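Engineer:
What follows is the structure, given as structure tokens:
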């Protein structure tokens, strides 16, 4: 191979190398640009993601599960101040409210709050307070949490000779959930729970402003079933106290269930008792014709 051939071969290879370099540069530049675009699109999409997350959270809070903040000592030691609980909202569409359930209910235009809060000073503070209440970060002004002791038709009384609360004459063993050293009640009462209403009491009876404290109100201290927001079923905060909130065993007494069944059957029996004379009168009238 002559020197001219070698020079010609070298010259012919140079454009190829240059072309490779150009292609490499061209492929690198778009890659950097794509990265910037992705980063920019993320920050543009972030507000949308936040709004969607808030909307979904509010939908869940409205229809399914809501967190509530415990502001008072009325349910100690079952629930402590600053605990957060989750409330099951649709559960009472599936089953009736039961004795022993811990329920959250609204006291709007009814009971005064156990803990007083200052009104927000401006609309912005009001909005953030509303958001905090919705997500269980701050307490609601008119939301209460109590234990259901009596349902519609029950006669709730205090106290028997041993100082126990009775429901339809059946005494309740409340030691498992009452505040240590507490009496079942420091005041005597006897209430027949009207239809569509509930008799509720706090577990820390000496400090709880519950149905006993509102016997002079319409309903005799009972609360409307339709004001119940849902059943508190678990403590989620603080983590060290995370636990479920079951119905105490005392509310599963066979005698209590039998008394409830008898109370529920009473209107039916009364209806039959009233129908029998009418049937006999109709037969006598037809026989005369």
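Numbering (this note's numbering), first residue to last: -8 to 280.
We treat Cβ as the ideally placed atom computed from N, Cα and C, and that holds for glycine.
As the structure is a computational prediction, the values presented were derived from the model and not from experiment.
Which of the three DSSP states, helix, strand or coil, is assigned to residue 84?
Structural biologist: It is helical.
Engineer: Is any beta-carbon of chain D found at less than 8 Å from that of residue 81?
Structural biologist: The structure shown contains no chain D; it is built from a single protein chain.
Engineer: Run through the DSSP bridge pairs and tell me what residue 246 is partnered with.
Structural biologist: BP columns for residue 246 are empty, so no partner.
Engineer: Buried or exposed, going by whether 16 or more other CB atoms sit within 10 Å of the CB of residue 191?
Structural biologist: Buried, because 16 or more other Cβ atoms sit within 10 Å of the Cβ of residue 191.
Engineer: Would you please state the rounded distance, in angstroms, between the beta carbons of residue 142 and residue 90? I believe it to be under 8 Å.
Structural biologist: Contact holds; Cβ gap of about 6 Å.
Engineer: Return the chain-ordered list of same chain residues with a C-beta closer than 8 Å to the C-beta of residue 210, the five sequence neighbours on each side being excluded.
Structural biologist: Correct list, in chain order: 185 and 188.
Engineer: Round the Cβ separation of residue 99 and residue 136 to the nearest angstrom and send it over; I've been treating them as touching at under 8 Å.
Structural biologist: Between residue 136 and residue 99 the Cβ distance is about 15 Å, and since that is not below 8 Å, they are no contact.
Engineer: What did DSSP end up calling residue 97 once you bin it into helix, strand or coil?
Structural biologist: Reduced to three states, the DSSP call for residue 97 is strand.
Engineer: Could you check which residue in 173, 138 and 133 has the C-alpha nearest to that of residue 70?
Structural biologist: Of 173, 138 and 133, the residue nearest in Cα terms is 138.
Engineer: Hey, how far is the Cα of residue 56 from the Cα of residue 84?
Structural biologist: Going by the C-alpha atoms only, they are around 14 Å apart.
Engineer: Taking 6 Å as the limit between beta carbons, can you name the residues of its chain near residue 13, skipping five residues before and five after?
Structural biologist: No answer about residue 13 holds up, because its pLDDT of 41 lies below 50 and its placement is not dependable.
Engineer: How many angstroms separate the CA atom of residue 183 from the CA atom of residue 159?
Structural biologist: Going by the C-alpha atoms only, they are around 9 Å apart.
Engineer: Residues in its own chain within less than 7 Å of residue 215 by CB, not counting five upstream and five downstream?
Structural biologist: Here the set comprises 187 and 188.
Engineer: Is the beta carbon of residue 66 closer than 8 Å to that of residue 205?
Structural biologist: The answer is no: Cβ separation not under 8 Å.
Engineer: For a quick check, are the C-beta atoms of residue 156 and residue 176 less than 8 Å apart?
Structural biologist: Taking 8 Å as the Cβ cut-off, residue 156 and residue 176 qualify as a contacting pair.
Engineer: If you reduce the DSSP assignment to three classes, tell me which class residue 137 lands in.
Structural biologist: Three-state DSSP puts residue 137 in a strand.
Engineer: Would you call residue 218 buried or exposed, if buried means 16 or more other Cβ atoms sit within 10 Å of its Cβ?
Structural biologist: The residue is buried, with at least 16 neighbouring Cβ atoms inside 10 Å.
Engineer: Out of 75, 248, 180 and 224, state which residue places its alpha-carbon closest to the alpha-carbon of residue 93.
Structural biologist: Nearest C-alpha to residue 93: 224.
Engineer: Is residue 59 closer than 8 Å to residue 134 when the C-beta atoms are compared?
Structural biologist: Contact flag set, yes.
Engineer: Round the Cβ separation of residue 76 and residue 226 to the nearest angstrom and send it over; I've been treating them as touching at under 8 Å.
Structural biologist: Indeed they touch by this definition, with Cβ atoms about 5 Å apart.
Engineer: State the CB to CB distance for the pair residue 173 and residue 202, rounded to an integer number of angstroms; the pair is presumed to be in contact (CB under 8 Å).
Structural biologist: Wrong, their Cβ atoms sit about 16 Å apart, outside the cutoff.
Engineer: Considering Cα atoms alone, identify which of 163, 168 and 102 is closest to residue 237.
Structural biologist: Ranking 163, 168 and 102 by Cα distance to residue 237 puts 168 first.
Engineer: Starting from residue 206 and walking both ways along the beta strand (DSSP E), at which residues does that stretch end?
Structural biologist: Looking at the DSSP string, residue 206 is not in any beta strand (DSSP E), and its letter there is neither H nor E.
Engineer: Between the Cα of residue 154 and those of 178, 170, 145 and 241, spot the shortest distance and give me the residue it belongs to.
Structural biologist: It is 178 whose Cα lies nearest to the Cα of residue 154.
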